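Taken in sequence, the protein lines are chains X and Z.
Counting the first sequence from 1 gives a position; our numbering is that position plus 449.
Counting the second sequence from 1 gives a position; our numbering is that position plus 449.
All C-beta atoms in this analysis are idealised placements derived from N, C-alpha and C, irrespective of residue type, glycine included.
Keep in mind the model is a prediction, meaning the values are calculated, not measured.
Here the structure is laid out as structure tokens; the discussion comes afterwards.
Protein chains: 2
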Amino acid sequence: MEDRPQGQAAEDGAARRIPKAVIKRLSLYSRVLQNLEMKNITKVSSKELSEHLGQNPAQVRKDLAYFGQFGTPGVGYYVAELRAQIKRILRTDREVRAAVVGVGNLGQALLAYTGFAREGFRIPIAFDTDPLKVGRTIGSAQVLPVEELEERIRQYGIEIIILAVPSEPAQAIADRVIRCGITAILNFVPTRLVVPPGVKVHYVDLTIELESLAYYLK
Amino acid sequence: MEDRPQGQAAEDGAARRIPKAVIKRLSLYSRVLQNLEMKNITKVSSKELSEHLGQNPAQVRKDLAYFGQFGTPGVGYYVAELRAQIKRILRTDREVRAAVVGVGNLGQALLAYTGFAREGFRIPIAFDTDPLKVGRTIGSAQVLPVEELEERIRQYGIEIIILAVPSEPAQAIADRVIRCGITAILNFVPTRLVVPPGVKVHYVDLTIELESLAYYLK
DNA sequence: TAGATTGTTAATCGATTAACAATC
DNA sequence: TAGATTGTTAATCGATTAACAATC
Numbered sequence: 450m451e452d453r454p455q456g457q458a459a460e461d462g463a464a465r466r467i468p469k470a471v472i473k474r475l476s477l478y479s480r481v482l483q484n485l486e487m488k489n490i491t492k493v494s495s496k497e498l499s500e501h502l503g504q505n506p507a508q509v510r511k512d513l514a515y516f517g518q519f520g521t522p523g524v525g526y527y528v529a530e531l532r533a534q535i536k537r538i539l540r541t542d543r544e545v546r547a548a549v550v551g552v553g554n555l556g557q558a559l560l561a562y563t564g565f566a567r568e569g570f571r572i573p574i575a576f577d578t579d580p581l582k583v584g585r586t587i588g589s590a591q592v593l594p595v596e597e598l599e600e601r602i603r604q605y606g607i608e609i610i611i612l613a614v615p616s617e618p619a620q621a622i623a624d625r626v627i628r629c630g631i632t633a634i635l636n637f638v639p640t641r642l643v644v645p646p647g648v649k650v651h652y653v654d655l656t657i658e659l660e661s662l663a664y665y666l667k
Numbered sequence: 450m451e452d453r454p455q456g457q458a459a460e461d462g463a464a465r466r467i468p469k470a471v472i473k474r475l476s477l478y479s480r481v482l483q484n485l486e487m488k489n490i491t492k493v494s495s496k497e498l499s500e501h502l503g504q505n506p507a508q509v510r511k512d513l514a515y516f517g518q519f520g521t522p523g524v525g526y527y528v529a530e531l532r533a534q535i536k537r538i539l540r541t542d543r544e545v546r547a548a549v550v551g552v553g554n555l556g557q558a559l560l561a562y563t564g565f566a567r568e569g570f571r572i573p574i575a576f577d578t579d580p581l582k583v584g585r586t587i588g589s590a591q592v593l594p595v596e597e598l599e600e601r602i603r604q605y606g607i608e609i610i611i612l613a614v615p616s617e618p619a620q621a622i623a624d625r626v627i628r629c630g631i632t633a634i635l636n637f638v639p640t641r642l643v644v645p646p647g648v649k650v651h652y653v654d655l656t657i658e659l660e661s662l663a664y665y666l667k
């Protein structure tokens, strides 16, 4: 599965381990390309693209080179085409369904946030233990009791779990969703989750972000 | 200012450029130490500390070594003392005041979030353009009209701005707060801010986090 | 003291940037 | 064609990990 003929570029295969930073930049490029598209700009060079991001043009070219050849020497990249390719690489050239677990302040904000839908994500359901929250609709999500977690994840074809519960139940919830096939978790809980290999967790730690800013004061 | 005698460890001076990743890990260590303290554990080795974080013990020691010598060979680190030192390094051994600009869904969630207060942050004020929001109190913050931005930042001794406005006004707001002395911005807006040297911006980009997770599906 | 663990230097690893032949 | 820009290799830079003398 991981040792395979080294020769080919393997445009589509997930052959070499792609650095996580590359994947994040790809998503960033996609957004810049979206903006360019809206301005009716059809072509862009790696230099121009990099300037929008405060980065190095060589990095843009190298990031893309992990996945294939998308440009034209002497010309640059075609905006619409490159964006389509990146969306395909990121697997967001289709509707991806996510669910929020924990409908507290943060959970509600995430459900009401419109930025996800813009990239093709749908959040049809959310879960909470509070009977007062169950039954409500926030954004486009219906709030369901956490008892129905497994059943509803399957029913709605959920692929990503957005975790916004308190610290205490976080690991138990993670265990449950992983047991029913979830492999991607966006974790807002300040707790390190222990997960089996093959499950990917992205941590968003608001306190760390704020506290580490304080270091640069004065 | 940046070339100085290389000899000494310079425990307190911000001498060498400390990698941003080191600062973030320091904040992470602080939280683990806080948990250990609550369990009445008084001593901890770099090995134990690193296990709580899924990291390398040498990295823990090296991170701390940027700032001084806090451990005892053969013993390890004293939990309470090390935590106090880290808080001092991070400049969070005092009350740090922040303000939220933009009281939409995300802004409200951040104001209601209790995790910041736990680390000594206070958010006494927030700003919005909507007259229906102005005058309300969310969490411990009073919502003020954005016209009063400069005046109120000075009045309340605000040091960090948490930016949660729409994309369009983000740069203009940043310019205004920087002009009145702010040097640290926590930016939730998916827009690259152009700021003068000396101003530190941390980006939290929810869409990028979610979209880059999709890559690991299937 | 013997055992354990630090602080720090050296080795390794990986990511970023520069350079340039290939090519439109 | 001449000019521009890609894709890719090589050079540089920085961060992580290993190793070990110093020391409690």
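Between the Cα of residue i and the Cα atoms of the options, which residue gives the shortest distance?
| i | options | result |
| --- | --- | --- |
| Z/V524 | Z/L559, Z/L475, Z/T491 and Z/A590 | Z/T491 |
| X/G630 | X/A561, X/L485, X/I607 and X/I574 | X/I607 |
| Z/V626 | Z/L598, Z/K649 and Z/Y605 | Z/L598 |
| Z/K649 | X/S661, X/G517, X/G551 and X/E544 | X/S661 |
| Z/P639 | X/P594, X/Y478, X/P506 and X/L593 | X/Y478 |
| X/T541 | X/V552, X/A566, X/Q620 and X/S616 | X/A566 |
| Z/S499 | Z/L482, Z/V614 and Z/D577 | Z/L482 |
| X/Q504 | X/V471, X/N489 and X/L642 | X/V471 |
| X/R546 | X/L560, X/A619 and X/E530 | X/L560 |
| Z/R532 | Z/I657, Z/L475 and Z/E617 | Z/L475 |
| Z/G647 | X/I574, X/K667 and X/A558 | X/K667 |
| X/I657 | Z/T656, Z/H651 and Z/I657 | Z/H651 |
| Z/A548 | Z/M487, Z/L502, Z/Q604 and Z/L659 | Z/Q604 |
| Z/L635 | Z/D624, Z/A613, Z/E617 and Z/P645 | Z/A613 |
| Z/E544 | Z/F570, Z/A529 and Z/L642 | Z/F570 |
| Z/V497 | Z/M487, Z/Y526 and Z/V653 | Note on residue identity: the sequence assigns Glu, not Val, to residue 497 of chain Z. Of the listed residues, the one whose Cα sits closest to Z/E497 is Z/Y526. |
Counting only beta-carbon separations shorter than 8 Å, does residue i have a partner in chain X?
| i | result |
| --- | --- |
| Z/Q591 | no |
| Z/E658 | yes |
| Z/A514 | no |
| Z/P468 | no |
| Z/E497 | no |
| Z/V653 | yes |
| Z/I602 | no |
| Z/Y665 | yes |
| Z/N554 | yes |
| Z/T632 | yes |
| Z/G503 | yes |
| Z/V595 | no |
| Z/V545 | yes |
| Z/Y526 | no |
| Z/L635 | yes |
Tell me, which residues are paired with residue i by DSSP?
| i | result |
| --- | --- |
| X/H651 | X/L635 |
| Z/Y526 | Z/V493 |
| Z/T521 | Z/G525 |
I'd like to know whether the C-beta of residue i is nearer than 8 Å to at least one C-beta of chain Z.
| i | result |
| --- | --- |
| X/F565 | yes |
| X/P639 | yes |
| X/Q455 | In this prediction, X/Q455 scores a pLDDT of 31, lower than 50, which makes its location untrustworthy; no coordinate-derived value is stated. |
| X/S661 | yes |
| X/T541 | yes |
| X/S557 | What sits at residue 557 of chain X in the sequence shown is Gln, not Ser. Interface residue, yes. |
| X/I472 | yes |
| X/L531 | no |
| X/K649 | yes |
| X/A561 | yes |
- Query: If you scan the segment 546-634 of chain X from start to end, which runs of the alpha helix (DSSP H) of 4 or more residues do you find wholly inside it?
  - Reply: Listed in chain order, the complete alpha helix (DSSP H) runs (minimum 4 residues) inside the segment 546-634 of chain X are 554-561, 564-567, 598-605 and 616-628.
- Quick one, which residues of the segment 568-592 of chain X are near chain Z if we go by CB-CB under 8 Å, in chain order? Taking 8 Å as the upper bound on Cβ-Cβ separation, chain Z lies near residues E568 and F570 of the segment 568-592 of chain X.
- Message: Along the segment 477-489 of chain Z, where does the CB come closer than 8 Å to a CB of chain X? Name the residues.
- Response: Within the segment 477-489 of chain Z, the residues whose Cβ lies closer than 8 Å to some Cβ of chain X are L477, S479 and R480, listed in chain order.
- Task: Mind checking the segment 604-621 of chain X against chain Z and listing, in chain order, the residues whose C-beta falls within less than 7 Å of any C-beta there?
- Result: Flagged, chain order: E608 and I609.
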